[in-house]
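Notes follow once the structure below has been shown.
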Amino acid sequence: MPATRLSDLSEADLLARLFPVYAGAKGGTADVVIGPGDDAAVLAAPGGSVVLTTDTMVRGRDWRDDWSSPHEVGHKAVVQNVADIAAMGATPTGLLVALAADPATEVDWALGLAEGIAAAAREASAPVLGGDLSSAGPGTVMVAITAVGDLGGRAAVRRDGARPGDVVAVCGTLGRSGGGLQLLLADRGRTHDAPDAMSAHRVVHDLCLAHRTAGRPPWEQGPVAADAGATSMIDLSDGLVRDLGRIARASGVGVELDGEALREHAAGPLTEALGADEAMRQVLSGGEEHSLVATFAPGEVPTGWHLLGRCTAGAPAVLVDGAVPVVTGWDHFRG
Ligand SMILES: [Mg+2]
């Protein structure tokens, strides 16, 4: 039987199949006044201010269908947004989902995407509030997610508050998504539809999965860091050195990273799969990790965060053991 395509359904038919998927993603904490189905959603803002962010993923640029299932694409799209909310010190309260797709796209693909979005939305306790559907040109599929968050009365943690003498700490993993991408690019990785074809190694599987789904960053630690007095914070989208460089420039501080602390993150699965040199390169440069990095006054680092270095009064740049690290740009791997 031929696959049902989006062009075989009316928009109302498609929505009737999507709504139940998202209905299962109802969050536990959000205060949804009006949910999907009206002209717009209404969400309470208990903290008195609203945190907003959006991210777009495009087929062929941000994911490959031969690597990633639609469920994985949907999961990753949500994780990217929730990590940005967390990096401000906020809690996610709702999501808007826009999908523009070639009418020849299989309905099952769109439902798989919705299921991945709903799964990550459940993990983040952030319900899908609404969205939009549109058709797109041949081969084009674009998913845009907007996340809403609440600060719970906290001040937002910005990128420009780090001070000389603060320590730099990470919560979550380093280099795993970038490591997985390297394995996939080198045809050593496991794709969603050929889990056993390339490698029997568990670590390879786990790293590739981290790249395809964006895993489960510790986003509840964003508000924890804010409450602990974090002076700056960012989620790791483009690699540790590049993202910390943003904090360094915004805050006007130098950042000195401790090579020994970084090598501890490179040890284990990353080194096992990639070798020590490439593992270290991914710790420094690997993108789409979405762990949280923040600066704190010494002695105020929350439990579960790991020290990576400190801020100095030096030039706004990132050094490792006093030297400029060799970092390969994340952009080179994209598209
Ligand atoms: Mg970010």
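Take the sequence shown: its letter number 109 is residue 109 in the UniProt record's numbering, and every next letter is one higher. Each residue gets a CB set at the ideal place from its N, CA and C atoms; glycine is no exception.
Which residues DSSP lists as bridging residue i, in chain order
{"i": "H306", "result": "V170"}
{"i": "S232", "result": "T295"}
{"i": "E256", "result": "R310 and L319"}
{"i": "S134", "result": "A100"}
{"i": "L148", "result": "Rather than Leu, the amino acid found at residue 148 in this sequence is Val. Note: V148 sits in a beta bridge opposite L52 and G94."}
{"i": "E106", "result": "R5"}
{"i": "I34", "result": "V42"}
{"i": "A59", "result": "Just to set this straight, residue 59 is Arg in the shown sequence, not Ala. W63."}
{"i": "V141", "result": "A101"}
{"i": "V128", "result": "L95"}
{"i": "T271", "result": "DSSP output for T271 lists no bridge partner at all."}
Residues near residue i in its chain [Cβ-Cβ closer than 7 Å; skip 5 each side]
{"i": "H332", "result": "The pLDDT assigned to H332 is 42, lower than 50, so where the model puts this residue is not dependable; a value taken from the coordinates is nonetheless given after this. So no residue of the chain qualifies."}
{"i": "residue 346", "result": "It is not possible to answer for residue 346, since the shown part of the chain is limited to 1 through 335."}
{"i": "E220", "result": "none"}
{"i": "G116", "result": "P70, H71, E72, V73, G74 and H75"}
{"i": "C208", "result": "G180, L183, L184, G189 and R190"}
{"i": "V141", "result": "R59, A101, D102 and T105"}
{"i": "D243", "result": "I234, L236, S237 and V293"}
Straight-line Cα distance separating residue j from residue i
{"i": "S7", "j": "A136", "result": "11 Å"}
{"i": "G245", "j": "P325", "result": "12 Å"}
{"i": "D258", "j": "G304", "result": "18 Å"}
{"i": "T231", "j": "R163", "result": "8 Å"}
{"i": "T53", "j": "S69", "result": "24 Å"}
{"i": "E11", "j": "V78", "result": "23 Å"}
{"i": "L262", "j": "G112", "result": "37 Å"}
{"i": "P316", "j": "A248", "result": "5 Å"}
{"i": "D84", "j": "R59", "result": "22 Å"}
{"i": "W67", "j": "T295", "result": "36 Å"}
{"i": "D277", "j": "P2", "result": "48 Å"}
{"i": "D321", "j": "T91", "result": "35 Å"}
{"i": "D166", "j": "D206", "result": "34 Å"}
{"i": "V241", "j": "A121", "result": "29 Å"}
{"i": "T146", "j": "T56", "result": "9 Å"}
{"i": "V301", "j": "L9", "result": "53 Å"}
{"i": "L96", "j": "H201", "result": "37 Å"}
{"i": "D39", "j": "L270", "result": "47 Å"}
{"i": "R64", "j": "G215", "result": "17 Å"}
{"i": "A110", "j": "G48", "result": "35 Å"}
{"i": "H211", "j": "H192", "result": "11 Å"}
{"i": "A226", "j": "T213", "result": "26 Å"}
{"i": "G172", "j": "V293", "result": "9 Å"}
{"i": "A323", "j": "H306", "result": "21 Å"}
{"i": "A279", "j": "Q80", "result": "23 Å"}
{"i": "G275", "j": "D13", "result": "50 Å"}
{"i": "A186", "j": "P138", "result": "28 Å"}
{"i": "G268", "j": "I34", "result": "47 Å"}
Nonlocal neighbours in the same chain, by C-beta distance under 8 Å from residue i, ignoring five residues either side
{"i": "V204", "result": "L183, R188, G189, R190, M198 and A273"}
{"i": "R5", "result": "P103, A104, T105, E106 and V107"}
{"i": "D31", "result": "L43, A44, P46 and T93"}
{"i": "L15", "result": "L133"}
{"i": "G152", "result": "P46, G47, A90, T91 and P223"}
{"i": "G229", "result": "F296, A297 and E300"}
Expected contact under 8 Å - CB spacing of residue i and residue j to nearest Å
{"i": "R223", "j": "R154", "result": "First, the amino acid is wrong: residue 223 is Pro here, not Arg. Confirmed, about 7 Å."}
{"i": "S285", "j": "V327", "result": "5 Å"}
{"i": "G149", "j": "V51", "result": "4 Å"}
{"i": "V170", "j": "L308", "result": "6 Å"}
{"i": "I234", "j": "A87", "result": "5 Å"}
{"i": "L319", "j": "G254", "result": "7 Å"}
{"i": "E256", "j": "R310", "result": "6 Å"}
Beta-carbon proximity list for residue i, same chain, < 6 Å, skipping 5 on both sides
{"i": "R334", "result": "Confidence at R334 is low in this model, with a pLDDT of 45, below 50, so the placement of that residue is unreliable and no value is reported for it."}
{"i": "H265", "result": "L174 and V283"}
{"i": "A98", "result": "G131, D132 and A144"}
{"i": "E289", "result": "S177 and L236"}
{"i": "A313", "result": "P164"}
{"i": "A250", "result": "R159 and D160"}
{"i": "L18", "result": "A114"}
{"i": "P298", "result": "V167"}
Closer than 7 Å: residue i CB and nearest ligand 3 heavy atom
{"i": "I234", "result": "You won't find ligand 3 in this model; what it holds is ligand 1."}
Checklist entry - Does the region 116 to 135 come within contact of the region 151 to 166, defined as at least 3 CB pairs closer than 8 Å? => result no
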